[in-house]
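K.L.:
Mind having a look at this structure? Questions to follow.
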DNA sequence: CAGTTGACATGGG
DNA sequence: GCCCATGCCAACT
C-alpha cells in the first residue's frame, strides 16, 4: 500500500470538507493521521494554488478564526465566502461548536 | 547535508 | 484576555 504523502492526505481531507462547515488545521492534521502536522497542513495549503480546488477558506485555526497569515490581502474574503456557504461568522470568528466539520453529519 | 522557516497547537505568565 | 516560549514535522534555501 502506498501511503499518500502528507500533502496528498491533507489535500484529500480538506477537499472533503462540505459546504457550511469548517475545520481547524489541527483537526485536518489529525484526520490526516497526525495532529503534529498542523504546521505542515498550513504549509501545504500555503503552497497549493487556488486551482487545486481546495476550500482553504473553510480551514481555520482552533479559535475559529481564519489564519492570521491568511490575511494576504483581505481576510474579509474568506469570512464572506463562509457566510455565503452558510457558515455563521461572529465577530470575525466562526462558531466552531456549530460549524466545525464533524464526520457525523447529525 | 544542515539550518531556517512556516496558512498551528498548547501551556504558562 | 493577551503575549511569550516550546513542540512537532515537512519543505525550502
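Residue numbers (UniProt numbering): 1 to 106. Glycine is no exception: its CB is placed at the ideal position from the N, C-alpha and C atoms.
In chain order, what residues of the same chain have a beta carbon less than 7 Å from the beta carbon of residue 92, not counting five sequence neighbours either side?
P.N.:
One-based indexing of the first chain puts residue 92 at position 92. Taken in chain order, the residues that qualify are 65, 79.
K.L.:
Can you tell me whether DSSP reads residue 51 as helix, strand or coil?
P.N.:
Numbered from 1 along the first chain, position 51 holds the residue referred to as residue 51. Here DSSP, grouped into helix, strand and coil, assigns residue 51 to helix.
K.L.:
Tell me the rounded alpha-carbon separation between residue 84 and residue 22.
P.N.:
One-based indexing of the first chain puts residue 84 at position 84. One-based indexing of the first chain puts residue 22 at position 22. Their Cα atoms are separated by approximately 13 Å.
K.L.:
Are the Cβ atoms of residue 48 and residue 28 separated by less than 9 Å?
P.N.:
As a working note, residue 48 is residue 48 in the first chain. As a working note, residue 28 is residue 28 in the first chain. Cβ distance not < 9 Å, so residue 48 and residue 28 don't count as in contact.
K.L.:
Name the residue from 24, 20, 32 whose alpha carbon lies nearest to the alpha carbon of residue 5.
P.N.:
Walking along the first chain from the start, residue 5 turns up at place 5. Nearest neighbour of residue 5 by Cα position, chosen from 24, 20, 32, turns out to be 32.
K.L.:
Going by alpha carbons, who is nearest to residue 86 out of 20, 60, 14?
P.N.:
Within the first chain, residue 86 is the residue found at index 86, counting from 1. For residue 86, the nearest C-alpha among the options comes from 20.
K.L.:
Less than 9 Å separating the beta-carbons of residue 51 and residue 59?
P.N.:
Translated into positions along the first chain, residue 51 becomes position 51. Translated into positions along the first chain, residue 59 becomes position 59. No, Cβ-Cβ distance for residue 51 and residue 59 is not below 9 Å.
K.L.:
Since residue 45 and residue 13 should fall inside the 8 Å C-beta cutoff, what is the C-beta to C-beta distance between them, to a whole number of angstroms?
P.N.:
The residue you call residue 45 lines up with position 45 of the first chain. The residue you call residue 13 lines up with position 13 of the first chain. The Cβ separation is near 11 Å, so there is no contact.
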